[in-house]
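Residues in the sequence shown are numbered consecutively from 1, following the numbering used here. Quick reminder that beta carbons are idealized off the backbone N, C-alpha and C, glycines included. The structure displayed is predicted, hence computed values, not measured ones. A short worksheet on the structure shown next.
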Amino acid sequence: MNSSSQQDLIEIMELIFSLLQQLSVYLVIAYLLSKTPLFMPITTISGRLSQRFSCYILFSLFCILGTYFGLNIDDAIANTRAIGAVMGGVLGGPIVGFAVGLTGGWHRYGGFTDLACAISTTAEGILGGLVHSYYVRRNHIDQLYRPSIVFGITLIAEVLQMAIILLVAKPFDQALELVNAIALPMVIANSAGAALFMSIIHDRKTIYEKYSAAFSSRALTIAQRTVGIMSKGFNEQSAKKIARIVYEETEVGAVAITDREKILAFIGIGDDHHLPGTPISSIHTLRSINRSELVYADGYDIPYCCSIHDKCKLGSALVIPLLGGNNEVLGTIKLYEPKHKLFSTVNVTLGEGIAKLLSNQILTGRYAQQQALLLQAELRLLQAQVNPHF
1 MNSSSQQDLI EIMELIFSLL QQLSVYLVIA YLLSKTPLFM PITTISGRLS QRFSCYILFS
61 LFCILGTYFG LNIDDAIANT RAIGAVMGGV LGGPIVGFAV GLTGGWHRYG GFTDLACAIS
121 TTAEGILGGL VHSYYVRRNH IDQLYRPSIV FGITLIAEVL QMAIILLVAK PFDQALELVN
181 AIALPMVIAN SAGAALFMSI IHDRKTIYEK YSAAFSSRAL TIAQRTVGIM SKGFNEQSAK
241 KIARIVYEET EVGAVAITDR EKILAFIGIG DDHHLPGTPI SSIHTLRSIN RSELVYADGY
301 DIPYCCSIHD KCKLGSALVI PLLGGNNEVL GTIKLYEPKH KLFSTVNVTL GEGIAKLLSN
361 QILTGRYAQQ QALLLQAELR LLQAQVNPHF
């Protein structure tokens, strides 16, 4: 290998490492955004306008960032722009892929490869969209979230980009020299970057699915275990059984059920002073009853302080009203966590679902009681007609 070839190889390796360094910043931004609600729509492929719009905005942003993080080489830019275009197409479909690619390509305009890069970026988005359509038609949507699939798509997209640069950019000699310098670094950086980006999305998707499965499983179990308990009325006995079931299934610090005036049942931390029959004194509970609204005292933004005992170990509370007919507040169900433990988002959502379930069961129980009383009245009337002296 002569000195010229060695120098070219060194320059290519330096460019690869430089692009990988830029890619690291790019992926850190992607990881941080994955912790926000912005990522929620792209973890499912629904075909809805809102999901497609989210894909367009997010991946157009990353397409533009790929240009800004690029490296100037001979009036051109070695970049990671293809990641945004391909990912937009893969997760949003052909129309979104075209729109993201066109946005990224238009933003790139400038330099002797501007037209070639604009065309190639749009083509990369369309390529990702065609793969999206292929898997959606075959009902293999999960394949779109495989990093290896995205790696292969992006690799092909980058080879396509180099071909377009050679065909469109002028003069040809300068275009060929540029492709020789940037082809390998850009293929490696973009393909690896797209695969890692998809890995981040796949991890978030898995977490969301686990949370959803846990929520559904708990809700179903609680519904099954509480069936029929309210048939004999909303009282201390039924409230105690319900509180015990909710406490066991949610694994919160404590569970309480109240009517409009007093505590009916309390299970968990603090049961030595939160006694059934104690009049309601908590401002959070009174607010929930009076305003018919959910009250969440997380212990941070909204402080929680026990109104019964100043050394109570409970540090946060979720209070949800139980509604009867005409949205009349019949009481509340309260979930607590101790001071050293954060309230799970799943349990907050689950608490709302439990309250709706119990409200429906209370209404069903009242209806059953009314039907039983009506039946007894009809029987008495019938007996009186058969035997007036009965």
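Three-state class that DSSP yields for residue i in the structure shown
i	result
Glu352	helix
Leu314	strand
Val28	helix
Ser267	Just to set this straight, residue 267 is Ile in the shown sequence, not Ser. If DSSP states are grouped into helix, strand and coil, Ile267 belongs with the strands.
Ile77	strand
Pro276	coil
Lys35	coil
Leu9	helix
Cys377	Sequence inspection shows Ala at residue 377; the Cys mentioned does not correspond to that position. Looking at Ala377 - three-state DSSP - the assignment turns out to be helix.
Cys63	helix
Gly92	helix
Pro303	coil
Leu358	helix
His107	helix
His140	coil
Ala82	helix
Asn290	helix
Leu342	coil
Gly101	helix
Residue range of the unbroken alpha helix (DSSP H) whose run includes residue i
i	result
Leu176	172-226
Ser46	Neither: Ser46 is in no alpha helix (DSSP H) and is coded neither H nor E.
Cys117	114-137
Leu148	Note on identity: in this sequence residue 148 is Ser, with Leu being the wrong assignment. Per DSSP, Ser148 belongs to the alpha helix (DSSP H) from 147-168.
Ser238	236-250
Classification of residue i by the beta-carbon crowding that lies within 10 angstroms, buried from 16 upward
i	result
Glu248	exposed
Leu32	exposed
Met13	exposed
Gln161	buried
Gly47	exposed
Gly325	exposed
Gln22	buried
Thr349	exposed
Asn392	Outside the displayed range of the chain (1 to 390) lies residue 392, so it cannot be described from this structure.
Continuous beta strand (DSSP E) stretch holding residue i: start and end
i	result
Ile333	329-338
Tyr296	295-297
Ile257	254-259
DSSP bridge partner residues for residue i (one or two, in chain order)
i	result
Asn72	Ile77
Pro321	Thr332
Lys262	Pro279
Cutoff 8 angstroms: residue i Cβ touching any chain C Cβ
i	result
Ile333	The structure shown contains no chain C; it holds only a single protein chain.
Contact between the region 214-230 and the region 58-70 (3+ Cβ pairs under 8 angstroms)
no
Hey, is the region 309-328 in contact with the region 175-192, meaning 3+ C-beta pairs nearer than 8 angstroms?
no
Any contact of the region 163-183 with the region 136-144, i.e. 3+ C-beta pairs under 8 angstroms?
No: fewer than three Cβ pairs fall under 8 angstroms.
Any 3 or more C-beta pairs closer than 8 angstroms across the region 284-294 and the region 331-339:
yes
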